[in-house]
Each structure stands twice: as structure tokens, then as C-alpha cells.
Amino acid sequence: MALVDSTTTEAQLRGLYLDNMGYIEADSAPMAGRLITIMMAPLWRAITKIESPEGGEMEFSPAEQRKMIADARAFIASKNAGSVSHADIRNYRG
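Structure, rendered in C-alpha cells:
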């Protein structure tokens, strides 16, 4: 099941955002990846304000959304710097 799909509500996006926005503190590339997905949905839907049932709201301009996505991508790239992205096991004999 996808993290975000066409049936994801604004309240669900808000919850997912709050669950993953601390990727730097958690030092978590997977959380950063989820945040990218979460921020892409309102950007594509042209949503700039997400209201919660409790009355609070979060508002992001498209430029702020793009910056958050770029920051998360840079974080992921920094976590992957120097790591092996694939292995060649063609001659592996186990």
C-alpha cells in the first residue's frame, strides 16, 4: 500500500507530516524519504493550507514545499555519501 495515494485526506497528510518531520533529529533517511512523498502530494494537489479537525492549520507556499523536498533529498544524499549503492555478485560462489 502506498504511503500517500489519491484517497489520502488532508488530515492524514497532516499526521504523516508530523510523524516524519523530525527526520534530522532521528538521523533517519527513510523518514526523509517519506517526508518527500508526503510533501509532493499537497504540491501536486495545489494545496497550501492543511487544517486539522482540532482547528489548527499548517500552511506552506509551493516554494516552501519545494525547499523542504530539496532539503530532505540533500539529507538523504549526505547519508548515502560513500556508501555502496549496488554490489556485483556475478562471480559469487557462496
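Under the numbering used here, the first residue of the sequence shown is numbered 5, with each subsequent residue one higher.
Here a beta-carbon is modelled for each residue, glycine too, at the ideal position from N, C-alpha and C.
Predicted, not measured: the structure shown is a model, and the values here were computed from it.
Alpha-carbon spacing of residue i relative to residue j, whole angstroms
| i | j | result |
| --- | --- | --- |
| Pro66 | Thr52 | 7 Å |
| Tyr21 | Ser10 | 16 Å |
| Lys83 | Met72 | 17 Å |
| Ala45 | Asn95 | 43 Å |
| Leu7 | Thr41 | 8 Å |
Residue i, DSSP secondary structure in three states
| i | result |
| --- | --- |
| Glu63 | strand |
| Tyr21 | helix |
| Ile93 | coil |
Terminal residues of the alpha helix (DSSP H) in which residue i lies
| i | result |
| --- | --- |
| Glu55 | Not the alpha helix (DSSP H): Glu55 falls in the beta strand (DSSP E), residues Lys53 to Glu55. |
| Gly37 | Ala33 to Arg49 |
| Glu29 | Tyr27 to Ala30 |
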